[in-house]
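Trainee: Reading the sequence shown from the start, the letters are residues 320 to 518 in this note's numbering. Please find one structure pasted underneath; my questions will follow.
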Amino acid sequence: MRKTLSALLLVIGLLALPPAAAAEVDFVMEINPLSYMISPDVDNFNVTDGILLEEIEGVGSLYPNLKAGVGFESETMIFDILGGVGYLWNDAFTATAFSADLVLRLKVDQRGIFTVGPHLGMIYFDPTYDGTAQVSLGSDTGLVGGVAFTVGSPRVAFTALLDYLSAKFDVSTGGGWTASQSQLDLSGFQVVLGVQFRF
320 MRKTLSALLL VIGLLALPPA AAAEVDFVME INPLSYMISP DVDNFNVTDG
370 ILLEEIEGVG SLYPNLKAGV GFESETMIFD ILGGVGYLWN DAFTATAFSA
420 DLVLRLKVDQ RGIFTVGPHL GMIYFDPTYD GTAQVSLGSD TGLVGGVAFT
470 VGSPRVAFTA LLDYLSAKFD VSTGGGWTAS QSQLDLSGFQ VVLGVQFRF
């Protein structure tokens, strides 16, 4: 399902662009220092050994990230194919992350100062539990999709993403510890603010 959705957006983006001779090709880089995930089900997770109890406080995670790739630009739209790396952390666990993104944005004005369109991507998480309990979290590739915006010049613009993320980590315990859930559900909403450069 995830591969099907990604392939669909890729095909739509390529078909929507004019012939290669009429499209401008750019190197694209995004720096996203302000990225916040809201995962409602994370707050329900805890582990205990019968005496001690560890639980996650709050539902938020920070996820700063850096992306780079290639962009195709016509008079009416922009289609970007990006890969990225990031680092996620919250109250109880951290995770290195690698992402792949497809973004198709329409130019609201002729100069492309404001653009908006669909965003679809995948994020691979490799999490580590940071508490004292013996807990291991399995890796997962989550699907993310939503709406992308840019405001600025054709070469430098502020970016924003409003996404929904679907991702779950399998939980295993040892040393007499038990978990309240067999999976740690990271699914929820993501807000990303950053800066995009096009060369």
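Using N, Cα and C, we set each Cβ at its ideal position, and we do this for glycine too. None of the values given here were measured: they were computed from a predicted structure.
Could you name the residues of the same chain whose beta carbon sits closer than 6 Å to that of Q500, not counting the 5 residues immediately before and after it, in chain order?
Mentor: For the purposes of this step, residue 500 is taken as residue 181 along the sequence shown, with counting starting at 1. Taken in chain order, the residues that qualify are F364.
Trainee: Residues in its own chain within less than 7 Å of A287 by CB, not counting five upstream and five downstream?
Mentor: The requested residue 287 does not occur in the structure, where the chain is confined to residues 320 to 518.
Trainee: Three-state secondary structure (DSSP) at N384?
Mentor: By 1-based counting over the sequence shown, the position of residue 384 is 65. Note: N384 maps to strand in three-state DSSP.
Trainee: What are the partner residues of V416, as DSSP defines its beta bridges?
Mentor: Translated into positions along the sequence shown, residue 416 becomes position 97. Looking at the sequence itself, residue 416 is Ala, so the reference to Val does not match. In DSSP, A416 forms a bridge with G405 and F444.
Trainee: Rounded to the nearest angstrom, how far is the Cβ of R517 from that of D362, given a contact under 8 Å?
Mentor: The residue you call residue 517 lines up with position 198 of the sequence shown. The residue you call residue 362 lines up with position 43 of the sequence shown. R517 to D362, Cβ: 39 Å. No contact.
Trainee: Can you name the residues that DSSP bridges to G450?
Mentor: Counted from its first residue, the sequence shown places residue 450 at position 131. Its beta-bridge partners do not exist; DSSP assigns none.
Trainee: Output the distance between the C-alpha atoms of L385 and F417, rounded to the nearest integer angstrom.
Mentor: Here residue 385 refers to the residue found at position 66 of the sequence shown. Here residue 417 refers to the residue found at position 98 of the sequence shown. So the alpha carbons of these two residues sit roughly 10 Å apart.
Trainee: Out of curiosity, what's the CA-to-CA distance linking Q502 and S354?
Mentor: For the purposes of this step, residue 502 is identified with residue 183 of the sequence shown, where counting begins at 1. For the purposes of this step, residue 354 is identified with residue 35 of the sequence shown, where counting begins at 1. Taking the straight line joining both Cα atoms gives about 23 Å.
Trainee: Determine contact between the stretch 455-468 and the stretch 428-442, defined as no fewer than three beta-carbon pairs at a distance below 8 Å.
Mentor: Touching, yes.
Trainee: Please state the DSSP three-state secondary structure of D362.
Mentor: Taking the first residue of the sequence shown as 1, we reach residue 362 at position 43. Helix at D362.
Trainee: One question on the structure: do A387 and G405 come within less than 8 Å of each other, judged by their Cβ atoms?
Mentor: For the purposes of this step, residue 387 is identified with residue 68 of the sequence shown, where counting begins at 1. For the purposes of this step, residue 405 is identified with residue 86 of the sequence shown, where counting begins at 1. Contact flag unset, no.
Trainee: How long is the line joining the alpha carbons of A340 and E392, rounded to whole angstroms?
Mentor: The count along the sequence shown starts at 1 and reaches residue 340 at position 21. The count along the sequence shown starts at 1 and reaches residue 392 at position 73. Unreliable placement is indicated for A340, whose pLDDT of 46 sits below 50; the coordinate value is still reported in the next sentence. Their Cα atoms are separated by approximately 11 Å.
Trainee: State the DSSP-derived secondary structure class of P473, mapped to helix, strand or coil.
Mentor: As a first step, residue 473 is located in the sequence shown; it is residue number 154 there, counting from the start. The answer is coil: DSSP assigns P473 none of H, G, I, E or B.
Trainee: Less than 8 Å between the CB atoms is what I'm expecting for T447 and A414, so what's the real figure, rounded?
Mentor: As a position in the sequence shown, residue 447 is number 128, starting the count at 1. As a position in the sequence shown, residue 414 is number 95, starting the count at 1. About 7 Å; that satisfies the 8 Å criterion.
Trainee: Could you spell out the range, first to last residue, of the beta strand (DSSP E) harbouring E349?
Mentor: As a first step, residue 349 must be located in the sequence shown, where it is residue number 30. Taken as a continuous stretch (DSSP letters only), the beta strand (DSSP E) holding E349 covers E343 to I357.
Trainee: Based on the DSSP secondary-structure assignment, which residues constitute the bridge partners of S455?
Mentor: What you label residue 455 is simply residue 136 of the sequence shown in a count that begins at 1. In DSSP, S455 forms a bridge with S491.
Trainee: Distance check for V389 and I400, CA to CA, integer angstroms please.
Mentor: Start at 1 with the first residue of the sequence shown, and residue 400 comes out as number 81. Start at 1 with the first residue of the sequence shown, and residue 389 comes out as number 70. Approximately 6 Å between the Cα atoms of the pair.
Trainee: Bridge partners for A498 per DSSP, in chain order?
Mentor: For the purposes of this step, residue 498 is taken as residue 179 along the sequence shown, with counting starting at 1. V366, per the DSSP bridge assignment.
Trainee: Between which two residues does the beta strand (DSSP E) carrying R517 extend?
Mentor: Along the sequence shown, read from residue 1 onward, the residue named residue 517 stands at position 198. Per DSSP, R517 belongs to the beta strand (DSSP E) from G507 to R517.
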